[in-house]
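Notes for the one structure printed next.
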Amino acid sequence: MSSLIIFAAPSGTGKSTVIKRLMRLAPELNLSFSISATSRKPRGDERHGVEYYFLSPADFRAGIEHDAFLEYEEVYTDTYYGTLREEVDRRLSQGQTVVFDVDVVGAMNIKEQYADKALSIFLMPPSIETLRQRLTSRATDSPKVIEERLAKAEYEMSRSGEFDLVVVNDDLDACTERVLQAVCSFVQRN
């Protein structure tokens, strides 16, 4: 069985950027990004099986009833996001190291199921104020949405101690290097 690398971080911490860099810098680790399932409609050029697995709300609920998900969450009424168990198991059986970008609850659910085969990494912003500046400078969210994201960030940060590794992203290159070293070491041990 191969390894699982689980990332969680508040919005605006640089998680997606760190994951993309990790996958580019370490091809020898056979990293495979986990594609989430969702019941929302595709946006723009999104394609089924590429950005997401798009399911109807009824199909998503049926999957929940049949234990098809490692983790899932209903973020709005009838709008679900989750990780398909079969997809992860298929990749692991092919010798791939599966990389996840999930929330704190999803990360802990996956970690619980795979225990020592999974490395959980929490990326921490330098401070809430720095996070506020990053979210504001994006200019993609309203002030209300930014405040909601900051409130969620405080909750997520309060749970960072449950992760195997916490890395403060105050310097993108240094953060990526620390994550790369930890992931390489973990995958080689497993």
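Going by UniProt numbering, the sequence shown opens with residue 1, and the numbers climb by one from there. Cβ coordinates follow ideal geometry from the N, Cα and C atoms, glycine included.
Going straight from the alpha carbon of A8 to that of A153, what length do you get?
Approximately 11 Å, taken between the alpha carbons.
Check whether the region 34-48 touches the region 160-167, counting contact only when three or more Cβ pairs, one atom from each stretch, lie closer than 8 Å.
These segments do not touch.
Could you give the C-beta distance for A182 and I121, rounded to a whole number, given that I count them as a contact under 8 Å?
That pair is a contact at about 7 Å.
Hey, T38 and Y81 are a contact pair by Cβ (cut 8 Å); roughly how many whole angstroms apart?
Yes, they are in contact, since the Cβ atoms of T38 and Y81 sit about 5 Å apart, within 8 Å.
Assign S142 to one of two classes, buried (16 or more other C-beta atoms within 10 Å of its C-beta) or exposed (fewer than that).
With fewer than 16 other Cβ atoms within 10 Å, it is exposed.
Put S56 into one of helix, strand or coil per three-state DSSP.
Of the three classes helix, strand and coil, the one that applies to S56 here is coil, per DSSP.
Would T13 and L172 qualify as a contact pair, given that the criterion is a beta-carbon distance under 8 Å?
No; because the gap between Cβ atoms is not below 8 Å, this pair is not in contact.
Taking DSSP's pairing of strands, which residues face Y80 in a bridge?
DSSP, once it has assigned bridges, lists E74 as partnering Y80.
Quick one: using the 10 Å Cβ neighbour count with 16 as the cut-off for buried, is R138 buried or exposed?
The residue in question, R138, is exposed, as its Cβ has fewer than 16 Cβ neighbours within 10 Å.
Does the distance from the C-beta atom of S32 to that of R85 stay below 8 Å?
No, these two residues do not count as a Cβ contact at 8 Å.
I need the DSSP call for A118, collapsed to helix, strand or coil.
A118: strand per DSSP, three-state reduction.
Confirm, please, whether the CB-CB distance from E71 to T83 is below 8 Å.
Their beta carbons are under 8 Å apart, which means T83 touches E71 by this criterion.
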